[in-house]
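Once you know that position 124 of the sequence shown is 123 in numbering that gives the first Met the number 0, the rest is easy, because the numbers rise by one and skip nothing. Yeah, the Cβ is synthetic: ideal placement off N, Cα and C, and Gly gets one too. Computed from a prediction, not measured in an experiment: that's the story for all the values here. A short worksheet on the structure shown next.
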Amino acid sequence: MRRLLAILIPGLLLLTACGGSPAAPEPTSQTAGDTAKFDSLKLTDNGDKKAPGVDFAKPLDVTEPTIKVVTEGDGDRVKANQIANISILAVNGADGSTLEDTFSAEPEPLELNDELKTGSPVIYNAFVGTKVGSSLALAIPGQPAAQGAA
0 MRRLLAILIP
10 GLLLLTACGG
20 SPAAPEPTSQ
30 TAGDTAKFDS
40 LKLTDNGDKK
50 APGVDFAKPL
60 DVTEPTIKVV
70 TEGDGDRVKA
80 NQIANISILA
90 VNGADGSTLE
100 DTFSAEPEPL
110 ELNDELKTGS
120 PVIYNAFVGT
130 KVGSSLALAI
140 PGQPAAQGAA
């Protein structure tokens, strides 16, 4: 099995059969935000069912959702209305500590449909057109602590 591997939104594409219509131009993944923030990012393959090792200059601080393909895979391009089965590795941008890791479990389906396109266009546009086996990185701005919160 091949994976669309990413820091925060990795996925394994489950291809669906298509047929009958003329070939449309291949979509390409779209970056968003200040992607230069990912220049120091290094991923290390830790094997099947294990999250990649992640190293980056800390703190990683963004003011808007930022996403880009870190390394391009060699599989087919992901198309609209397909289902990507995703695993998540979420890390703290301040210190690199792991917040969530779902790589050891079965991937969860993510429908690349119009609802996602409308609700999360940054994520939709990054996935659609990405090649299977690619590594994507997503950073979102942190939430400021509430005043008086411990």
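About 18 Å separates the Cβ atoms of V53 and D33, ruling out a contact at the 8 Å cut-off. Taking 8 Å as the cut-off, the Cβ atoms of Q81 and L111 count as close. Remark: fewer than three beta-carbon pairs, one from each stretch, lie closer than 8 Å, so the stretch 119-132 and the stretch 86-95 are not flagged as touching.
In the structure shown, E114 adopts helical secondary structure according to DSSP, grouped into three states. Under the three-state reduction of DSSP output, P120 falls in the helix class. One Cα belongs to T30, the other to A104, and the distance between them is close to 28 Å. Residue pairing for I66: DSSP places it in a beta bridge opposite A31, L137.
The DSSP-derived three-state label of A89 is strand. With distances taken between CA atoms, K48 lies nearest to S86 out of K57, A35, S86. Looking at the backbone, the Cα of K67 and that of L135 are separated by about 6 Å.
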